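> Could you have a look at this structure, given as structure tokens, before my questions?
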Amino acid sequence: MHPASRIIIALDFENLATAMHLVKQLGDSAKFYKVGLQLLTAEGPSVVQALISAGKQVFLDLKLFEIPNSVAGAVRAAGQLGVSMVTVHAMAGSTVLRAAVEAARPFPHLKILGLTVISSMREADLYEVGVKVSIAEQGIRLAQLATAAACQGIVASPQEVALLRRILPTELLLVTPGIQLPGHLKNDQARICTPEQALDAGASHLVIGRSISHSENPAATFSAICEQLVVASRQKKSSLLLQTQT
Ligand code: C5P
592 MHPASRIIIA LDFENLATAM HLVKQLGDSA KFYKVGLQLL TAEGPSVVQA
642 LISAGKQVFL DLKLFEIPNS VAGAVRAAGQ LGVSMVTVHA MAGSTVLRAA
692 VEAARPFPHL KILGLTVISS MREADLYEVG VKVSIAEQGI RLAQLATAAA
742 CQGIVASPQE VALLRRILPT ELLLVTPGIQ LPGHLKNDQA RICTPEQALD
792 AGASHLVIGR SISHSENPAA TFSAICEQLV VASRQKKSSL LLQTQT
């Protein structure tokens, strides 16, 4: 898969006009966009329709946590809009996850992603809601729950990706936010990494927001990330080849 298809650009904006301005700036090479609660609440489904009409794929980050019937209804609505990915909190349990997967069945392009532990949570936050295990343990438990419920993918922080990739099926999509560009890494944020590190760890898709949208030249930033990932993947292939030859 070309790196441009693995990068999902987060449209965390107040309105459709600002979001579509970025889409226009990024042009044809950017193919996948994430619409979250802010933009969806402000603009409704028109934002998804505008993206689909522009030939883009849409990750609708609904973070569903509801009774199975309501989750299924939301998933069907997303499928009818032509969305490619929808998130459901894995914490909602396997009955809810299965209801989402079942509701997505008539829409072959639609993947259900189980959300593991949201990246703002720390161990103390888990403890507060009665979960007395580490973030990593909880991440593994929820990822396995989502896989067993036949979700096509999961969302996990970069910190957990390498471990999860080792224990989960290879075909499972692993979508990772918390990406920072090299040179912009903030040492105090533990659950972040660069695009190259995230793909190396086994992520299938990267969600990148402000590093692109708030940069001086979003199109140049986006193509620099893609170029860097292409170079990194070539280097990895040739070093693997060397290893097999020696
Ligand atoms: O930080 P950035 O602007 O790249 O965030 C893009 C998206 O990634 C956000 O919409 C948010 O849902 C998600 N995110 C996350 N955890 C972080 C940072 C961002 O889940 N630590």
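Under the numbering used here, the first residue of the sequence shown is numbered 592, with each subsequent residue one higher.
Glycine included, every Cβ here is placed at the ideal spot set by N, Cα and C.
Nothing here was measured: the structure is a model prediction, and the numbers come from that model.
Secondary structure at histidine 680, three-state DSSP: helix, strand or coil?
On the sequence shown, position 89 is the one that residue 680 refers to. Histidine 680 falls in the strand class under three-state DSSP.
> What is the residue span of the beta strand (DSSP E) that lysine 654 lies within?
Counting from one through the sequence shown, the residue named residue 654 turns up at place 63. Lysine 654 -> beta strand (DSSP E) spans 648-655.
> Name the one or two DSSP bridge partners that alanine 601 has.
Taking the sequence shown and counting its residues from 1, the one referred to as residue 601 is at position 10. Paired residue(s): Lys625.
> Can you tell me whether DSSP reads isoleucine 726 as helix, strand or coil?
Here residue 726 refers to the residue found at position 135 when the sequence shown is read from its first residue. Helix.
> Is the region 728-744 touching the region 675-685, taking contact as three or more C-beta pairs under 8 Å?
yes
> Measure how close the beta-carbons of valine 752 and alanine 792 come, nearest whole angstrom, since I'm counting them as under 8 Å.
Locating residue 752 in the sequence shown gives position 161, counting from the first residue. Locating residue 792 in the sequence shown gives position 201, counting from the first residue. Yes, they are in contact, since the Cβ atoms of valine 752 and alanine 792 sit about 4 Å apart, within 8 Å.
> Let me check understanding here. Comparing Cα to Cα, which of Leu628, Pro749, Leu602 and Gln629 lies closest to glutamine 616?
For the purposes of this step, residue 616 is taken as residue 25 along the sequence shown, with counting starting at 1. It is Leu602.
> Assess, as a yes-or-no matter, whether the region 653-660 is touched by the region 633-642 under the definition of 3 or more beta carbon pairs within less than 8 Å.
no
> Determine the DSSP secondary structure at leucine 706, reduced to helix, strand or coil.
In the sequence shown, counting from the first residue as 1, residue 706 sits at position 115. If DSSP states are grouped into helix, strand and coil, leucine 706 belongs with the strands.
> DSSP three-state call for isoleucine 816: helix, strand or coil?
By 1-based counting over the sequence shown, the position of residue 816 is 225. Reduced to three states, the DSSP call for isoleucine 816 is helix.
> Please classify leucine 833 as buried or exposed, where buried requires at least 16 neighbouring CB atoms within 10 angstroms.
In the sequence shown, counting from the first residue as 1, residue 833 sits at position 242. Classification for leucine 833: exposed.
> Going straight from the alpha carbon of glutamine 836 to that of glycine 670, what length do you get?
Translated into positions along the sequence shown, residue 836 becomes position 245. Translated into positions along the sequence shown, residue 670 becomes position 79. So the two alpha carbons sit approximately 47 Å from each other.
> Can you have a look at methionine 676 and say buried or exposed, based on whether 16 or more other CB atoms are within 10 angstroms of its CB?
By one-based count along the sequence shown, residue 676 stands at place 85. So methionine 676 counts as buried.
> Have a look at Pro760, Thr812, Ser804 and Arg825 and flag the residue whose alpha-carbon is nearest the alpha-carbon of threonine 609.
Position 18 of the sequence shown holds residue 609. When only C-alpha atoms are compared, the closest one is Ser804.
> State buried or exposed for glutamine 780, treating a residue as buried only when at least 16 other CB atoms are found within 10 Å of its CB.
As a working mapping, residue 780 is identified with position 189 in the sequence shown. At glutamine 780 the pLDDT is 46, less than 50, meaning the model places this residue with poor confidence; the figure from the coordinates comes in the next sentence. Flag for glutamine 780 reads exposed.
> Would you call the CB atoms of isoleucine 758 and isoleucine 799 closer than 8 Å?
Walking along the sequence shown from the start, residue 758 turns up at place 167. Walking along the sequence shown from the start, residue 799 turns up at place 208. No, the Cβ-Cβ distance between isoleucine 758 and isoleucine 799 is not below 8 Å.
> Is the CB-CB distance between arginine 597 and leucine 763 below 8 Å?
Reading the sequence shown from its first residue, position 6 is the one you call residue 597. Reading the sequence shown from its first residue, position 172 is the one you call residue 763. Not a contact, by the Cβ cut-off of 8 Å.
> For threonine 767 and alanine 789, which I take to be in contact (beta-carbon distance under 8 Å), what is that distance rounded to the nearest angstrom?
Counting from 1 along the sequence shown, the entry for residue 767 is found at position 176. Counting from 1 along the sequence shown, the entry for residue 789 is found at position 198. Indeed they touch by this definition, with Cβ atoms about 5 Å apart.
> Please look up how many angstroms separate the CB atoms of leucine 631 and valine 614, rounded, as I've assumed it's under 8 Å.
Locating residue 631 in the sequence shown gives position 40, where the first residue counts as 1. Locating residue 614 in the sequence shown gives position 23, where the first residue counts as 1. 16 Å between Cβ atoms; not a contact.
> In or out: threonine 761 buried (at least 16 other Cβ within 10 Å) or exposed?
Looking up residue 761 in the sequence shown gives position 170. By the 10 Å Cβ count, threonine 761 comes out exposed.
> Check this for me: beta carbons of isoleucine 731 and glycine 705, under 8 Å apart or not?
Locating residue 731 in the sequence shown gives position 140, counting from the first residue. Locating residue 705 in the sequence shown gives position 114, counting from the first residue. Contact flag unset, no.
> Between glutamine 729 and cysteine 742, what straight-line distance do the alpha-carbon atoms span, to the nearest angstrom?
On the sequence shown, residue 729 is found 138 positions in, with the first residue counted as 1. On the sequence shown, residue 742 is found 151 positions in, with the first residue counted as 1. In a straight line, the C-alpha of glutamine 729 is about 17 Å away from that of cysteine 742.
> Use the C-beta contact count for isoleucine 709: other C-beta atoms within 10 angstroms, 16 or more gives buried, fewer gives exposed.
As a position in the sequence shown, residue 709 is number 118, starting the count at 1. By the neighbour-count rule (16 or more Cβ atoms within 10 Å), isoleucine 709 is not buried but exposed.
> In its own chain, which residues sit with a C-beta less than 6 Å from the C-beta of phenylalanine 623, not counting the 5 before and 5 after it?
In the sequence shown, counting from the first residue as 1, residue 623 sits at position 32. Excluding sequence neighbours, phenylalanine 623 sits near Ile599 and Gln648.
> When you compare each of Ile726, Lys828, Val720 and Gly721 to glutamate 714 by their alpha carbons, which one comes out closest?
Taking the first residue of the sequence shown as position 1, residue 714 is located at position 123. Out of Ile726, Lys828, Val720 and Gly721, Ile726 has the C-alpha closest to the C-alpha of glutamate 714.
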